[in-house]
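Here the structure comes first, spelled out in structure tokens, and everything after it is commentary.
Protein chains: 4
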Amino acid sequence: MSIRILVTGGTFDKEYDERTGRLFFKDTHIQEMLRLGRCRVPVTVETLMMIDSLEMTAADRETIVTRCREAPENRIVITHGTDTMAETAAALAAAATGRTIVLTGAMVPWAFGSSDGLFNLGSAVSFVQSLPAGVYVAMNGRWFTWDNVRKDRASGVFESVR
Amino acid sequence: MSIRILVTGGTFDKEYDERTGRLFFKDTHIQEMLRLGRCRVPVTVETLMMIDSLEMTAADRETIVTRCREAPENRIVITHGTDTMAETAAALAAAATGRTIVLTGAMVPWAFGSSDGLFNLGSAVSFVQSLPAGVYVAMNGRWFTWDNVRKDRASGVFESVR
Amino acid sequence: MSIRILVTGGTFDKEYDERTGRLFFKDTHIQEMLRLGRCRVPVTVETLMMIDSLEMTAADRETIVTRCREAPENRIVITHGTDTMAETAAALAAAATGRTIVLTGAMVPWAFGSSDGLFNLGSAVSFVQSLPAGVYVAMNGRWFTWDNVRKDRASGVFESVR
Amino acid sequence: MSIRILVTGGTFDKEYDERTGRLFFKDTHIQEMLRLGRCRVPVTVETLMMIDSLEMTAADRETIVTRCREAPENRIVITHGTDTMAETAAALAAAATGRTIVLTGAMVPWAFGSSDGLFNLGSAVSFVQSLPAGVYVAMNGRWFTWDNVRKDRASGVFESVR
Numbered sequence: 002m003s004i005r006i007l008v009t010g011g012t013f014d015k016e017y018d019e020r021t022g023r024l025f026f027k028d029t030h031i032q033e034m035l036r037l038g039r040c041r042v043p044v045t046v047e048t049l050m051m052i053d054s055l056e057m058t059a060a061d062r063e064t065i066v067t068r069c070r071e072a073p074e075n076r077i078v079i080t081h082g083t084d085t086m087a088e089t090a091a092a093l094a095a096a097a098t099g100r101t102i103v104l105t106g107a108m109v110p111w112a113f114g115s116s117d118g119l120f121n122l123g124s125a126v127s128f129v130q131s132l133p134a135g136v137y138v139a140m141n142g143r144w145f146t147w148d149n150v151r152k153d154r155a156s157g158v159f160e161s162v163r
Numbered sequence: 002m003s004i005r006i007l008v009t010g011g012t013f014d015k016e017y018d019e020r021t022g023r024l025f026f027k028d029t030h031i032q033e034m035l036r037l038g039r040c041r042v043p044v045t046v047e048t049l050m051m052i053d054s055l056e057m058t059a060a061d062r063e064t065i066v067t068r069c070r071e072a073p074e075n076r077i078v079i080t081h082g083t084d085t086m087a088e089t090a091a092a093l094a095a096a097a098t099g100r101t102i103v104l105t106g107a108m109v110p111w112a113f114g115s116s117d118g119l120f121n122l123g124s125a126v127s128f129v130q131s132l133p134a135g136v137y138v139a140m141n142g143r144w145f146t147w148d149n150v151r152k153d154r155a156s157g158v159f160e161s162v163r
Numbered sequence: 002m003s004i005r006i007l008v009t010g011g012t013f014d015k016e017y018d019e020r021t022g023r024l025f026f027k028d029t030h031i032q033e034m035l036r037l038g039r040c041r042v043p044v045t046v047e048t049l050m051m052i053d054s055l056e057m058t059a060a061d062r063e064t065i066v067t068r069c070r071e072a073p074e075n076r077i078v079i080t081h082g083t084d085t086m087a088e089t090a091a092a093l094a095a096a097a098t099g100r101t102i103v104l105t106g107a108m109v110p111w112a113f114g115s116s117d118g119l120f121n122l123g124s125a126v127s128f129v130q131s132l133p134a135g136v137y138v139a140m141n142g143r144w145f146t147w148d149n150v151r152k153d154r155a156s157g158v159f160e161s162v163r
Numbered sequence: 002m003s004i005r006i007l008v009t010g011g012t013f014d015k016e017y018d019e020r021t022g023r024l025f026f027k028d029t030h031i032q033e034m035l036r037l038g039r040c041r042v043p044v045t046v047e048t049l050m051m052i053d054s055l056e057m058t059a060a061d062r063e064t065i066v067t068r069c070r071e072a073p074e075n076r077i078v079i080t081h082g083t084d085t086m087a088e089t090a091a092a093l094a095a096a097a098t099g100r101t102i103v104l105t106g107a108m109v110p111w112a113f114g115s116s117d118g119l120f121n122l123g124s125a126v127s128f129v130q131s132l133p134a135g136v137y138v139a140m141n142g143r144w145f146t147w148d149n150v151r152k153d154r155a156s157g158v159f160e161s162v163r
């Protein structure tokens with residue numbers, strides 16, 4: 002069972018620029034995280050963009066949808082900023098014919114000591130193998146269907162809408 | 002969906018004793034790891050034993066089986082040393098009537114920088130919610146049924162028997 | 002030989018706010034770092050301010066100078082943002098009568114995995130015990146006198162002026 | 002001011018072997034630690050041996066003394082297991098003509114998350130630049146002369162004999 006991981010950026014992949022003191026994107030850490038997790042699932046990692054999800058445009062979402070449609074795999078994980086993850090999940094709903102698509106992200110950059118990223122990646126890689134076709138968000142150890150999820154901005158926790 | 006996590010020790014929870022230079026068990030790190038993963042699944046953590054799985058006896062396995070039978074939850078994660086994880090999974094097979102039981106562990110202690118533990122915990126917590134009733138091993142980002150798994154000692158990787 | 006550590010903030014103590022995605026100050030990590038370093042030098046930690054050194058005013062510097070003059074200890078370490086560390090060192094020069102004062106900081110926040118903070122703190126605590134009275138900057142494993150140091154902004158490295 | 006770092010092993014450089022579950026030596030982490038500390042002192046790192054200091058023989062100590070005598074640098078840091086660090090310091094006393102030699106180590110392996118190693122390395126690199134000729138032990142943020150130091154086995158703390 003082969004999985005495609007589409008990287009779009011988000012907190013997951015933010016790094017600290019020690020010259021400017023600002024957070025920025027360089028390369029994805031997904032491969033390094035999979036190595037640390039001793040992951041042996043056949044995985045193809047593809048970086049689509051490296052952006053903050055608050056800056057994600059309709060065109061960016063179209064790119065993500067298109068790449069999911071074209072992917073040879075039926076199991077796709079998308080790393081994504083948490084702020085608009087639910088929005089992208091909704092955009093993907095129509096494209097999920099026969100595919101299991103799981104979006105995940107992190108509240109704290111992986112490059113920082115106390116990141117939830119590795120837990121979330123383990124979770125997403127597992128849900129994508131075991132859930133039926135559909136579009137899901139995997140955060141906080143839980144899974145949500147695309148039409149029943151939102152991020153509570155105050156607490157940073159994902160929850161069901163209904 | 003409530004989960005019970007039964008702790009039995011294993012590499013997961015080993016620590017470094019700086020006076021003797023040896024590895025030893027103190028308390029489980031599961032709660033700390035769930036906090037780091039921002040896990041919001043209702044979880045009850047119960048420590049059954051804190052031992053190396055090479056030292057696990059038939060009586061210890063009986064204890065694990067009994068606790069699974071008695072647990073009010075239908076979804077159970079067991080943290081376990083990797084060396085005899087498959088053996089305990091087999092012992093649990095008869096007890097899994099109607100329950101989903103997932104065993105997981107780590108190749109490197111969580112207390113060390115480069116542990117696979119957080120990835121595996123995220124994976125186990127996710128598989129236990131999404132797989133049908135049965136006994137499974139979750140390692141290397143994959144899941145295995147209890148009757149089709151072994152650890153390859155040379156590589157430290159879990160694989161299907163058949 | 003007792004040491005006073007005056008905390009002023011700087012990258013050293015920056016943390017990641019997972020709700021806003023921005024860096025901010027909360028509490029100092031100095032006590033935690035000294036514990037990790039198993040430091041057994043008698044130390045008193047005093048937080049004067051928690052600010053980015055680019056925002057440090059003349060009044061802030063006056064506060065630092067005054068606290069150094071009033072300190073009962075002859076050995077003082079000051080944690081400080083790197084951008085204006087040399088400026089504060091110069092302001093302290095007149096106050097260093099009979100005292101050894103060492104300023105240090107970090108290029109990467111301590112809360113992040115790859116920080117130079119612990120190395121720098123070990124360095125500053127050591128230089129302050131072994132250098133004669135004067136005002137110094139301890140960065141990059143080296144020490145500089147207050148009148149012969151600058152930070153090269155492009156590389157983030159401290160160097161002699163002459 | 003150029004420094005030579007002689008590596009002899011010790012807890013500093015121990016790693017976790019995930020196949021056997023035992024601690025072992027592979028390569029030294031000193032270069033990686035200096036990079037993390039953004040150290041800019043000219044340093045030459047030389048690995049003499051990779052052993053637990055409890056297994057250090059008289060011949061091993063002779064090797065260390067000889068390398069110190071032959072080193073072109075007047076400033077030498079030696080990384081060393083903590084258990085017999087004081088013994089090696091004593092053996093070096095006669096060889097320290099005109100040189101500053103600082104021994105340091107770690108209570109917890111660098112490869113583990115909670116190591117004191119980076120703090121100690123920052124400390125040793127600083128003391129070696131600022132102390133007069135002689136043989137010293139740098140641990141716990143303090144320095145000790147070779148003839149006035151011992152490790153308290155119960156607490157793991159270095160202290161003066163007198």
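Protein chains in written order, with my numbering: chain A, 2 to 163; chain B, 2 to 163; chain C, 2 to 163; chain D, 2 to 163. Backbone N, C-alpha and C fix where the C-beta goes; we use that ideal spot for every residue, glycine too.
Cβ pair residue i, residue j closer than 8 Å
{"i": "I52 (chain C)", "j": "L7 (chain C)", "result": "no"}
{"i": "T9 (chain A)", "j": "H81 (chain A)", "result": "yes"}
{"i": "V126 (chain D)", "j": "C40 (chain D)", "result": "yes"}
{"i": "L24 (chain B)", "j": "E16 (chain B)", "result": "yes"}
{"i": "L104 (chain C)", "j": "V138 (chain C)", "result": "yes"}
{"i": "I4 (chain D)", "j": "E88 (chain D)", "result": "no"}
{"i": "G123 (chain C)", "j": "F13 (chain C)", "result": "no"}
{"i": "F26 (chain C)", "j": "L37 (chain D)", "result": "no"}
{"i": "G142 (chain B)", "j": "M108 (chain B)", "result": "no"}
{"i": "S131 (chain D)", "j": "L35 (chain C)", "result": "no"}
{"i": "G99 (chain B)", "j": "A134 (chain B)", "result": "yes"}
{"i": "M50 (chain A)", "j": "K152 (chain A)", "result": "no"}
Where the alpha helix (DSSP H) through residue i begins and ends
{"i": "R23 (chain B)", "result": "Premise fails: R23 (chain B) lies in the beta strand (DSSP E), 23 to 26, not in any alpha helix (DSSP H)."}
{"i": "M86 (chain B)", "result": "86 to 93"}
{"i": "L35 (chain A)", "result": "31 to 37"}
{"i": "L119 (chain D)", "result": "118 to 131"}
Limits of the unbroken beta strand (DSSP E) element including residue i
{"i": "E16 (chain A)", "result": "15 to 18"}
{"i": "R163 (chain C)", "result": "That residue, R163 (chain C), is in no beta strand (DSSP E); it is neither H nor E in DSSP."}
{"i": "L7 (chain C)", "result": "4 to 10"}
{"i": "E74 (chain B)", "result": "Premise fails: E74 (chain B) is in no beta strand (DSSP E) and is neither H nor E."}
{"i": "A112 (chain B)", "result": "Counting along the chain, A112 (chain B) falls outside any beta strand (DSSP E), and DSSP gives it neither H nor E."}
{"i": "V44 (chain A)", "result": "44 to 52"}
{"i": "V150 (chain D)", "result": "From DSSP, V150 (chain D) is part of no beta strand (DSSP E); its letter is neither H nor E."}
{"i": "G99 (chain A)", "result": "Looking at the DSSP string, G99 (chain A) is not in any beta strand (DSSP E), and its letter there is neither H nor E."}
{"i": "G135 (chain C)", "result": "135 to 140"}
When the options are compared against residue i, the one with the closest alpha-carbon
{"i": "I65 (chain D)", "options": "D:A96, D:V44, D:D84", "result": "D:A96"}
{"i": "E56 (chain B)", "options": "B:E160, B:T83, B:L37", "result": "B:T83"}
{"i": "T48 (chain C)", "options": "C:L35, C:I79, C:V129", "result": "C:I79"}
{"i": "T173 (chain A)", "options": "A:G38, A:G22, A:G11", "result": "Residue 173 (chain A) lies beyond the stretch modelled for chain A, which goes from 2 to 163, so this question has no answer here."}
{"i": "V129 (chain A)", "options": "A:I102, A:F13, A:L37", "result": "A:I102"}
{"i": "V150 (chain A)", "options": "A:A90, A:W111, A:L132, A:E63", "result": "A:A90"}
{"i": "P43 (chain A)", "options": "A:T67, A:M2, A:A112", "result": "A:M2"}
{"i": "T45 (chain D)", "options": "D:T58, D:G99, D:I31", "result": "D:I31"}
Inset, instruction - Using a Cβ-Cβ cut-off of less than 8 Å, list which residues of the region 98 to 125 of chain D approach chain B; keep chain order. - result: M108, V109, P110, A112, F113, G114, S115
Inset, instruction - Determine which residues of the region 63 to 92 of chain D have a Cβ less than 8 Å from any Cβ of chain C, and write them out in chain order. - result: none
Legend entry - the region 113 to 131 of chain D touching the region 156 to 163 of chain D, judged by at least three CB pairs closer than 8 Å: no
Legend entry - Under 7 Å (Cβ pairs) to chain D, residues found in the region 4 to 34 of chain B: Going along the region 4 to 34 of chain B in chain order, one finds T12, Y17, E19, R20, G22 with a Cβ nearer than 7 Å to chain D.
Legend entry - Positions along the region 134 to 158 of chain C whose CB lies within less than 8 Å of some CB in chain D: A139, M140, N141, G142, R143, W144, G157, V158
Inset, instruction - With 9 Å as the limit, tell me which residues of the region 37 to 67 of chain C have their beta carbon closer than that to any beta carbon of chain D; keep them in chain order. - result: So the close ones are L37, G38, R39, C40, R41, V42, V44.
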